[in-house]
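Numbering (our numbering), first residue to last: 3 to 281. Beta carbons are placed, not taken as given, at the ideal position from N, Cα and C, and that holds for glycine. Everything below concerns the one structure shown next.
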């Protein structure tokens with residue numbers, strides 16, 4: 003509901019199927035179906051038989067903000083009341099969350115090479131301060147007071163167990179590979195392609211994707227920028243595929259394809275946090 007109200011999910015956007023969302027959130031299909039039904043009853047989405055569930059167009063662009071907020075708040079209050087919570091307890095928790103004033107995002111991950119790439123991408127897109135740290139409690143502790151934490155989906159459960167229950171935690175979505183490479187496909191099997199990155203995960207993913215795209219393994223060069231002489235011979239490649247950090251190390255005369263890791267949807271979600279807490 004908040005994503006629709008903030009414009010993160012635009013009218014006409016098709017939502018994931020109940021089965022796909024249930025699998026992602028580890029819920030039953032019936033639970034997701036009931037949630038979609040409630041959203042439809044409240045006017046947020048519409049179900050088109052045989053097609054799926056879509057975000058409804060707003061009936062009026064001039065709809066009062068109070069009406070939009072009421073549609074968010076009323077189901078929440080009713081749910082809390084049916085759960086046995088008092089108005090005073092509800093008010094205390096709402097005031098607690100509204101009093102929060104985070105002013106930075108902290109990307110948490112055990113691999114410093116990946117952290118460097120994500121921080122670089124986010125700093126070019128966000129207005130808040132972007133920091134990073136490892137997953138140990140001592141590394142996280144200095145940021146607990148005023149930060150929104152972000153990580154990758156595979157580390158979300160581990161990090162959730164370390165953070166306080168009221169800490170904000172967002173899992174970033176990866177940018178779809180075909181979104182970046184669409185304009186370059188199909189790729190000639192005999193084209194000499196180099197892949198360079200300081201993060202081993204980038205090199206491993208690129209190897210899998212390029213091989214699946216039909217590239218000949220003998221015509222692929224993989225270079226770890228942490229190694230001495232990593233750029234030796236790269237000028238002979240037709241193109242160098244790299245991350246945003248490595249791109250700064252490559253001469254302008256070389257042809258490069260810079261592959262951003264963070265999806266546009268995740269950037270939009272982080273921006274919604276900035277807008278919400280803007281004074």
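Could you check if residue 262 is buried or exposed, using at least 16 other CB atoms within 10 Å of its CB as the buried criterion?
In the chain shown, the residue the question calls residue 262 occupies position 260. Classification for residue 262: buried.
Use the C-beta contact count for residue 271: other C-beta atoms within 10 angstroms, 16 or more gives buried, fewer gives exposed.
Your numbering for residue 271 matches position 269 in the chain shown. That one is buried.
Scan the stretch 195-267 and note each continuous beta strand (DSSP E) run of 3 residues or more that stays entirely inside, going in chain order.
195-199, 222-226, 241-244, 258-260
Residues in the same chain with beta-carbon distance under 6 Å from residue 6, minus the five sequence neighbours each way, listed in chain order, please.
The count along the chain shown starts at 1 and reaches residue 6 at position 4. So the list reads 46, 57, once near-sequence residues are dropped.
If you run the structure through DSSP and keep just helix, strand and coil, what is residue 148?
For the purposes of this step, residue 148 is identified with residue 146 of the chain shown, where counting begins at 1. Three-state DSSP puts residue 148 in coil, outside helix and strand.
Between which residues of its own chain and residue 258 is the CB-CB distance below 8 Å, once the five residues before and five after are set aside?
Looking up residue 258 in the chain shown gives position 256. Same-chain partners within the cutoff: 241, 242, 243, 244, 249, 252.
Among the residues of its own chain, which have a CB less than 7 Å from the CB of residue 30, if the five just before and after it don't count?
Here the question's residue 30 lines up with position 28 in the chain shown. Counting only Cβ-Cβ distances below 7 Å, and skipping sequence neighbours, we find 24.
Okay, do the stretch 153-169 and the stretch 97-116 touch, 3+ Cβ pairs below 8 Å being the bar?
yes
In this structure, does DSSP put residue 171 in helix, strand or coil?
To locate residue 171, count along the chain shown from 1; it is residue 169. Three-state DSSP puts residue 171 in a strand.
Within the continuous alpha helix (DSSP H) that includes residue 279, where are the two ends?
As a working mapping, residue 279 is identified with position 277 in the chain shown. Bounds of any alpha helix (DSSP H) do not take in residue 279, whose DSSP letter is neither H nor E.
Leaving out five residues on either side along the sequence, give the residues of the same chain with a beta carbon under 7 Å from the beta carbon of residue 21.
In the chain shown, the residue the question calls residue 21 occupies position 19. Cβ within range, chain order: 31.
Here's a check: name, in chain order, each residue in its chain whose Cβ is nearer than 7 Å to the Cβ of residue 247, leaving out the five neighbours to either side.
The residue you call residue 247 lines up with position 245 of the chain shown. Excluding positions up to five away in sequence, the list reads 118, 119, 122, 200.
Under 8 Å, do residue 209 and residue 221 count as touching if we go by C-beta distance?
By one-based count along the chain shown, residue 209 stands at place 207. By one-based count along the chain shown, residue 221 stands at place 219. It is not a contact, given that the beta carbons lie outside the stated cut-off.
Per DSSP, what kind of secondary structure is residue 16 in: helix, strand or coil?
Looking up residue 16 in the chain shown gives position 14. Residue state, collapsed to three classes: strand.
Following the continuous beta strand (DSSP E) through residue 80, name the residue where it begins and the one where it ends.
Your numbering for residue 80 matches position 78 in the chain shown. Looking at the DSSP string, residue 80 is not in any beta strand (DSSP E); the run it does join, the alpha helix (DSSP H), is 67-84.
Assign residue 156 to buried or exposed, taking buried as 16 or more other Cβ atoms, counted over all protein chains shown, within 10 Å of its Cβ.
The residue given as residue 156 occupies position 154 in the chain shown. Answer is exposed; the Cβ neighbour count stays below 16.
Cutting at 6 Å between CB atoms, please list the residues of its own chain near residue 204, excluding the five before and the five after it.
One-based indexing of the chain shown puts residue 204 at position 202. Excluding residues within five positions, the ones whose Cβ falls inside 6 Å are 245.
Could you pull the DSSP bridge partners for residue 57 from this structure?
The residue given as residue 57 occupies position 55 in the chain shown. DSSP, once it has assigned bridges, lists 47 as partnering residue 57.
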